[in-house]
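Below is one structure, written out as structure tokens, with a few remarks after it.
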Amino acid sequence: MIASRNVLAVVPARGGSKGIPLKNLIQINGKSLIQYVAEVLRELTFIDRSIVSTDHSGIATAAKDAGLLVPFTRPNDLSGDLISDVDVLTHAIHFMEKQDELKYDIVVMLQPTSPFRKPEHVTEVVLKLVEGQYDSVLTVSETDL
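Counting the sequence shown from 1 gives a position; the numbering used here is that position plus 1.
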């Protein structure tokens, strides 16, 4: 599907959520949000590396227990309420490219707070990126408030 491209998946999961403390460890139907994202990642065979970027040891443990790699602890300066996803992704990409000694061509961010995403939706959007003239793509869904 994505011949000769290096694909990195990053799961941003900080511990300091103000609205719902440790929301990434919340259980829905007996599984944490981290477990849901790990299950999706296992089905995405085009992804070369999947990592979790977290600042919390409990989230790191849950991620490892779910089979995900946690290669670093996110620095404190990237763990506040006002930090952007771009900053978190940039840090993760630079860390992994240095560690793996390669350049990642595609980065897929999977937030744990979307536990009901399907692997085929991720595949569809990545195919759009690869086949189209795009430099980035994202998925959105309606919510009932």
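Just so it is clear, CB atoms sit at the ideal spot from N, CA and C, and this is done for glycine as well.
Neighbour-count burial assignment, residue i, 16 or more Cβ in a 10 Å radius
i, result
"L111", "buried"
"S51", "buried"
"Y105", "buried"
"T55", "buried"
"V127", "buried"
"P72", "exposed"
"V11", "buried"
"V109", "buried"
Through-space distance from residue j to residue i, alpha-carbon basis
i, j, result
"A67", "G133", "33 Å"
"L83", "G16", "14 Å"
"L69", "E102", "20 Å"
"D227", "G20", "Past the boundaries of the shown model lies residue 227; the chain is included only from 2 to 146, so the question cannot be answered."
"I94", "D86", "12 Å"
"N77", "H57", "10 Å"
"S33", "V123", "20 Å"
"A61", "V53", "8 Å"
"Q100", "I29", "34 Å"
"L23", "A63", "12 Å"
"N149", "G81", "For the chain, the structure presents residues 2 to 146; residue 149 sits outside this window and is missing."
"T140", "I107", "15 Å"
"S115", "D145", "14 Å"
"T74", "P13", "11 Å"
"Y135", "R118", "22 Å"
Cβ neighbours of residue i in the same chain (closer than 7 Å, five flanking residues each side left out)
i, result
"L79", "D88, V89, H92"
"V131", "I3"
Cβ-based neighbour list, residue i, same chain, cut-off 6 Å, excluding 5 preceding and 5 following
i, result
"K129", "V138"
"E44", "P120"
"S18", "K24"
Whole-number beta carbon distance between residue j and residue i, since they are thought to touch under 8 Å
i, j, result
"V38", "P120", "About 11 Å separates the two Cβ atoms, so there is no contact after all."
"L9", "M97", "6 Å"
Cβ neighbours of residue i in the same chain (closer than 8 Å, five flanking residues each side left out)
i, result
"L26", "S33, L34, I35, G59, I60, A63"
"F47", "M2, I3, V8, T124, V127"
"K65", "V71"
Open item on the list: At 4 residues or longer, what runs of the alpha helix (DSSP H) sit wholly inside the segment 29-78?
Closed with: 34-44, 58-66
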